[in-house]
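*Asks:*
Protein chains in written order, with this note's numbering: chain L, 2 to 288; chain A, 524 to 837; chain R, 24 to 432.
1) Can you tell me whether residue 146/R is helix, strand or coil according to DSSP?
2) Leaving out five residues on either side along the sequence, give the residues of the same chain with a beta carbon under 8 Å from the beta carbon of residue 118/R.
3) What is the rounded straight-line gap between the Cα of residue 87/R and the Cα of residue 93/R?
4) Does any residue of chain R bring its CB to less than 7 Å from the CB of residue 216/L?
5) Below 8 Å CB to CB, which residues in the same chain sit around residue 241/L once its five sequence neighbours on both sides are set aside?
6) Does the CB of residue 260/R have a neighbour CB from chain L at under 7 Å?
7) Can you list, in chain order, the stretches of the beta strand (DSSP E) that have 3 or more residues and sit fully within the stretch 338 to 403 of chain R?
8) If we ignore side chains and look at the alpha-carbon of each, how far apart do residue 46/R and residue 52/R end up?
9) Would you call the stretch 544 to 559 of chain A and the stretch 711 to 728 of chain A in contact, with 3 or more CB pairs under 8 Å?
10) Measuring alpha carbon to alpha carbon, tell me which residue in 249/R, 258/R, 227/R, 125/R is nearest residue 216/L.
11) Among residues of its own chain, excluding the 5 on either side of residue 212/L, which ones have a beta-carbon nearer than 7 Å to its beta-carbon?
12) Buried or exposed: where does residue 62/L fall if 16 or more other Cβ atoms within 10 Å of its Cβ makes it buried?
13) What would DSSP say about residue 158/L, mapped onto helix, strand or coil?
14) Quick one: give me the first and last residue of the beta strand (DSSP E) that residue 191/R is part of.
15) Per DSSP, which residues does residue 123/R bridge with? Please list them.
16) Hey, how far is the Cα of residue 44/R from the Cα of residue 346/R?
17) Could you check what DSSP says for residue 99/R in three-state terms: helix, strand or coil?
18) So which of 568/A, 565/A, 804/A, 631/A has the shortest CA-CA distance to residue 273/L?
19) Does residue 112/L pass the burial test, meaning 16 or more other C-beta atoms within 10 Å, or should it be called exposed?
20) Would you please state the rounded distance, in angstroms, between the beta carbons of residue 74/L and residue 52/L? I believe it to be under 8 Å.
21) State the CB to CB distance for the pair residue 329/R and residue 72/R, rounded to an integer number of angstroms; the pair is presumed to be in contact (CB under 8 Å).
22) Apart from the five residues on each side of it in sequence, which residues of its chain come closer than 7 Å, Cβ to Cβ, to residue 657/A?
23) How about residue 340/R: is its C-beta nearer than 7 Å to some C-beta of chain L?
24) Can you tell me the Cα-Cα spacing of residue 626/A and residue 705/A, whole angstroms?
25) Looking at chain R, is there any beta carbon in it that lies within less than 7 Å of the beta carbon of residue 188/L?
26) Per DSSP, which one or two residues make a beta bridge with residue 94/R?
27) Please decide whether residue 121/R counts as near chain A, where near means a Cβ-Cβ distance under 7 Å.
28) Using a Cβ-Cβ cutoff of less than 7 Å, which residues in the same chain neighbour residue 633/A once the five nearest sequence positions on both sides are dropped?
29) At which residues does the alpha helix (DSSP H) containing residue 233/L begin and terminate?
30) With DSSP collapsed to three states, give me the class of residue 8/L.
31) Which residues of the stretch 751 to 770 of chain A have a Cβ closer than 8 Å to any Cβ of chain L? Give them in chain order.
32) Are the CB atoms of residue 96/L and residue 37/L within a distance shorter than 7 Å?
33) Considering only residues of the stretch 182 to 266 of chain R, which uninterrupted alpha helix (DSSP H) runs meet the minimum length of 4 residues and lie entirely inside it, listed in chain order?
34) Taking 7 Å as the CB-CB cut-off, is residue 57/L touching chain R?
35) I think residue 146/R touches residue 136/R, with their Cβ atoms under 8 Å apart; what is that distance to the nearest whole Å?
36) Using 7 Å as the limit for Cβ to Cβ distance, is residue 809/A near chain L?
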């Protein structure tokens with residue numbers, strides 16, 4: 002029983018790592034630019050497919066990760082500049098526009114990669130399993146994913162809290178007009194943060210594609226999870242994305258283990274309740 | 524109502540009345556569907572176009588109402604005269620609960636409604652002993668009240684048309700009333716309304732519950748049309764499409780949601796028979812609407828008309 | 024005796040000619056068939072298999088049956104019941120089809136059956152497999168040429184106990200009607216033979232992560248049985264190996280590694296029980312060899328269950344149409360013919376039982392690598408045991424079975 006509980010905990014944390022990659026970009030985009038990008042799931046999927054193609058061609062997983070991320074950073078840049086920018090801060094319009102973008106991206110992906118679910122090949126040295134004390138056997142890849150998630154979280158946190166650029170971004174999240182008034186080019190900042198968010202989403206697609214597989218519909222499934230992470234953690238908060246991801250990952254794993262028929266309820270019920278009493282999420286701010 | 528508009532309304536009504544004779548069973552069925560989903564879109568638009576709240580959970584009320592009617596009629600033999608009101612009541616009660624979401628605004632509201640929608644969908648899917656799981660509930664009979672029974676799709680079409688017209692007229696009265704004005708005031712600036720002494724939270728809550736009731740009416744009409752219901756009726760895409768119908772057609776208007784329903788359903792049924800990437804086309808329609816026709820087709824028509832008039836008057 | 028008068032003779036000849044022409048006109052137009060399948064959407068891949076299997080049959084039959092030309096219209100249901108309803112109506116009212124074939128997705132079944140009931144247009148269900156359609160919720164104008172879910176579940180439970188000698192099993196099963204009926208059918212025959220079901224781990228369709236499921240397998244269970252569909256099949260497979268379970272427990276695919284997913288698999292799948300169903304591409308009969316070879320030549324891959332199902336639907340309907348000389352306008356005659364013909368399909372001999380579901384063979388199959396004449400080395404399911412002439416009621420009487428009610432979770 003204890004073994005199972007530990008196993009489920011690791012499962013939850015590895016899912017959390019993936020969700021953090023996706024949610025962190027989403028939440029920062031909102032925090033700084035007040036942009037709600039519902040195409041984030043489609044970024045994940047398309048990035049995953051592109052990474053898959055690269056992995057198949059070159060045999061390198063690392064290259065695939067970068068390729069997936071970079072491709073989406075570029076695509077995201079254009080979508081931002083020519084489409085999302087035109088909606089200003091109209092969240093309603095943003096939601097609709099980006100849903101439309103997601104539909105288009107989904108169909109394009111379907112056209113090129115078809116309807117079967119495809120797996121991104123994992124590098125050889127991560128293919129086996131790790132033997133933990135207590136006889137628990139756990140896939141190496143998912144362990145690596147946890148470590149990678151922690152690494153990215155650390156890097157982002159350091160950038161955000163300890164560098165000058167991070168300070169400017171934080172100031173921008175708090176009060177955009179002020180930052181503009183000090184002469185800093187907020188626009189360029191937006192581009193940077195947005196590119197980073199898109200990069201992370203595409204990268205997450207490759208990472209996720211290696212154990213959750215890629216298929217039409219995946220973009221909406223993962224988006225829902227990412228949205229919940231962001232709601233719980235609070236829009237605009239990096240710590241919120243970390244804690245939110247952990248909560249969602251663990252709730253998902255334990256919920257499915259203990260109450261499989263009510264798994265959606267276990268996940269969304271408490272969150273809905275949380276929202277009613279603390280609408281900004283755990284770390285969100287007044288905007 | 525200006526004379527041109529009245530003439531147009533009469534023409535449309537006349538066409539609607541002879542549709543079954545001219546269009547045959549397929550078109551009668553399709554237009555019935557457009558009326559039903561148009562009503563659902565209208566319910567979403569009460570919040571969206573008049574109160575400024577974007578709800579993505581209205582499929583929940585739609586489905587709960589449909590399931591209630593289906594289960595009562597099929598499993599317990601309850602007659603329509605009781606089952607249909609029960610359906611509307613069930614959906615409205617859910618609206619009372621979900622209405623608590625109006626404690627939030629903006630993006631948070633949107634996200635919470637998404638979460639609510641998934642809870643209902645999850646229950647519809649998993650609680651198979653009660654809802655029938657993914658098979659849903661089948662063999663729902665046509666409605667029958669006090670000896671007057673619907674026996675064909677053509678008859679049902681006329682019933683739906685009558686209900687939609689009646690509800691539409693009531694909706695018109697509602698949105699033109701002081702309550703409607705207050706809602707639009709809140710949409711424009713909630714803080715200003717508050718400073719004027721309005722209890723904005725209560726207004727929004729009332730609007731939410733009313734829109735849930737409206738969505739429930741659509742749900743009742745839906746289940747008698749399909750004569751079955753399954754979890755797809757409560758799924759997220761239904762809520763999204765309802766909102767999109769309202770926007771593409773023209774948010775804030777009475778006919779906009781119905782036009783939007785016509786466009787979206789028409790696209791899906793007609794285009795999909797010869798184009799494979801119809802999701803991409805729908806996506807393109809949304810993008811185009813947001814960027815170039817944010818008032819939807821009704822707004823677009825208005826602008827075109829204005830431009831024509833301007834030409835005439837030099 | 025020939026009439027003498029030339030005028031009378033020619034009048035009779037003219038009248039006769041007119042009569043023949045009139046009769047011929049009523050039956051000379053093409054036979055129109057409406058096919059409902061998910062061409063796009065989540066089940067587009069099996070949908071494609073179905074369309075291709077159907078097309079292959081009619082290409083071979085030169086698009087004729089009962090002396091008339093055959094035309095078919097393929098309507099996309101996108102696996103959505105509202106869409107299926109509209110498309111079925113379109114086929115009946117706009118395209119004026121003589122009968123409908125399909126649908127694939129289980130929850131579209133009631134929608135299409137509804138249209139059949141209302142319009143009287145016969146429906147040949149060649150895929151959707153919910154038990155209730157041919158048991159508790161039957162429609163007189165609907166016949167099924169495919170299979171009833173628990174029909175292929177019952178034999179597996181028997182095999183599990185008597186041949187695999189399992190005594191304490193855990194099921195990993197998909198949480199929807201097809202999954203319920205397959206699993207609970209097998210569980211029933213298994214427990215009635217004396218076996219014990221330790222746990223059934225239900226997973227909704229599209230479960231992303233099989234980690235938690237694997238972690239929940241009881242430590243003392245003999246074996247694990249998999250009933251998974253779609254994308255989950257690959258995920259379960261990978262998770263099984265990633266968690267080192269291949270070294271710890273045996274896993275048997277009751278409904279797992281179907282043909283459509285095998286091209287993505289590697290040699291680890293060889294020797295595994297892939298599925299127990301009414302078809303396996305590795306069936307070694309002349310009919311099946313001819314079918315798989317023709318399919319492979321045309322589409323460069325082996326047919327799956329869906330492909331064969333649609334092909335056989337073509338075979339069956341043609342046999343019925345032939346037996347009534349092409350008179351599909353007489354719906355009652357067509358349905359009667361469907362219910363009385365015996366068909367020699369690639370999957371074996373088929374005939375409808377009194378409840379409009381076929382009595383057919385069930386094959387317990389393992390994944391093997393075979394050398395196919397057209398495709399070379401290819402992974403496919405090869406039968407290791409055949410249960411012949413299995414009815415949807417297994418060994419119980421229909422009345423007894425119906426009284427018990429559907430398999431519910």
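We put the CB at the ideal spot given by N, CA and C, even for glycine.
*Replies:* A quick look at the data gives this:
1) Here residue 146/R refers to the residue found at position 123 when the third chain is read from its first residue. In this structure, residue 146/R counts as strand in the three-state DSSP scheme.
2) Along the third chain, read from residue 1 onward, the residue named residue 118/R stands at position 95. 55, 57, 96, listed in sequence order.
3) One-based indexing of the third chain puts residue 87/R at position 64. One-based indexing of the third chain puts residue 93/R at position 70. As the crow flies, the alpha-carbon of residue 87/R is around 5 Å from that of residue 93/R.
4) Numbered from its first residue, the first chain carries residue 216/L at position 215. So yes, residue 216/L belongs to the interface.
5) Along the first chain, read from residue 1 onward, the residue named residue 241/L stands at position 240. For residue 241/L, where only same-chain residues beyond five positions count, the Cβ hits under 8 Å are 28, 231, 233, 234, 235, 282, 283, 284, 285.
6) Looking up residue 260/R in the third chain gives position 237. No, no contact with chain L.
7) 366 to 368, 371 to 375, 381 to 395
8) Counting from one through the third chain, the residue named residue 46/R turns up at place 23. Counting from one through the third chain, the residue named residue 52/R turns up at place 29. Residue placement at residue 46/R is poorly supported in this model, since its pLDDT is 49, which falls under 50; the coordinates still yield a value, given next. Rounded to whole angstroms, residue 46/R to residue 52/R spans 11 Å at the Cα level.
9) no
10) As a position in the first chain, residue 216/L is number 215, starting the count at 1. The shortest Cα separation from residue 216/L among 249/R, 258/R, 227/R, 125/R belongs to 258/R.
11) The residue given as residue 212/L occupies position 211 in the first chain. Cβ neighbours of residue 212/L beyond the five flanking positions: 142, 143.
12) Mapped onto the first chain, residue 62/L falls at position 61. Counting Cβ neighbours within 10 Å, residue 62/L comes out buried, since at least 16 surround it.
13) Position 157 of the first chain, counting from 1, holds the residue named residue 158/L. Helix, per DSSP.
14) For the purposes of this step, residue 191/R is taken as the residue at position 168 of the third chain. It spans 191 to 197 - the beta strand (DSSP E) in which residue 191/R sits, taken as one unbroken run.
15) Numbered from its first residue, the third chain carries residue 123/R at position 100. In DSSP, residue 123/R forms a bridge with 57/R, 146/R.
16) For the purposes of this step, residue 44/R is taken as residue 21 along the third chain, with counting starting at 1. For the purposes of this step, residue 346/R is taken as residue 323 along the third chain, with counting starting at 1. Residue placement at residue 44/R cannot be trusted, given a pLDDT of 49 that sits under 50; the coordinates are not used to answer.
17) Translated into the one-based positions of the third chain, residue 99/R becomes position 76. DSSP places residue 99/R within a strand segment (E or B) once states are collapsed to three.
18) The count along the first chain starts at 1 and reaches residue 273/L at position 272. Cα-wise, what sits closest to residue 273/L is 631/A.
19) Numbered from 1 along the first chain, position 111 holds the residue referred to as residue 112/L. Looking at its Cβ environment, which holds fewer than 16 other Cβ atoms inside 10 Å, residue 112/L is exposed.
20) Taking the first chain and counting its residues from 1, one reaches residue 74/L at position 73. Taking the first chain and counting its residues from 1, one reaches residue 52/L at position 51. Not a contact, Cβ separation roughly 13 Å.
21) The count along the third chain starts at 1 and reaches residue 329/R at position 306. The count along the third chain starts at 1 and reaches residue 72/R at position 49. Residue 329/R to residue 72/R, Cβ: 4 Å. Contact.
22) Stepping through the second chain from its first residue, residue 657/A is reached at position 134. Excluding sequence neighbours, residue 657/A sits near 648, 753, 754.
23) Here the question's residue 340/R lines up with position 317 in the third chain. Not an interface residue.
24) Your numbering for residue 626/A matches position 103 in the second chain. Your numbering for residue 705/A matches position 182 in the second chain. Spanning the two alpha carbons is a distance of roughly 18 Å.
25) Reading the first chain from its first residue, position 187 is the one you call residue 188/L. Not an interface residue.
26) Residue mapping note: residue 94/R aligns to position 71 of the third chain, counting from 1. DSSP output for residue 94/R lists 55/R as bridge partner(s).
27) Numbered from its first residue, the third chain carries residue 121/R at position 98. Not closer than 7 Å to any Cβ of chain A, the Cβ of residue 121/R fails to qualify, so no.
28) Taking the first residue of the second chain as position 1, residue 633/A is located at position 110. Once the five neighbours on either side are set aside, the close Cβ partners of residue 633/A are 577, 579.
29) Position 232 of the first chain holds residue 233/L. That run of the alpha helix (DSSP H) goes 219 to 234.
30) If you number the first chain from 1, residue 8/L lands on position 7. Looking at residue 8/L - three-state DSSP - the assignment turns out to be helix.
31) 759, 763, 766, 767, 770
32) Position 36 of the first chain, counting from 1, holds the residue named residue 37/L. Position 95 of the first chain, counting from 1, holds the residue named residue 96/L. Contact flag set, yes.
33) 200 to 216, 234 to 238, 255 to 265
34) The residue labelled residue 57/L in the question sits at position 56 within the first chain. No, residue 57/L does not count as interfacial toward chain R.
35) For this step, residue 146/R is matched to residue 123 along the third chain. For this step, residue 136/R is matched to residue 113 along the third chain. The Cβ separation is near 6 Å, so the contact holds.
36) By one-based count along the second chain, residue 809/A stands at place 286. Yes, its Cβ sits closer than 7 Å to a Cβ of chain L.
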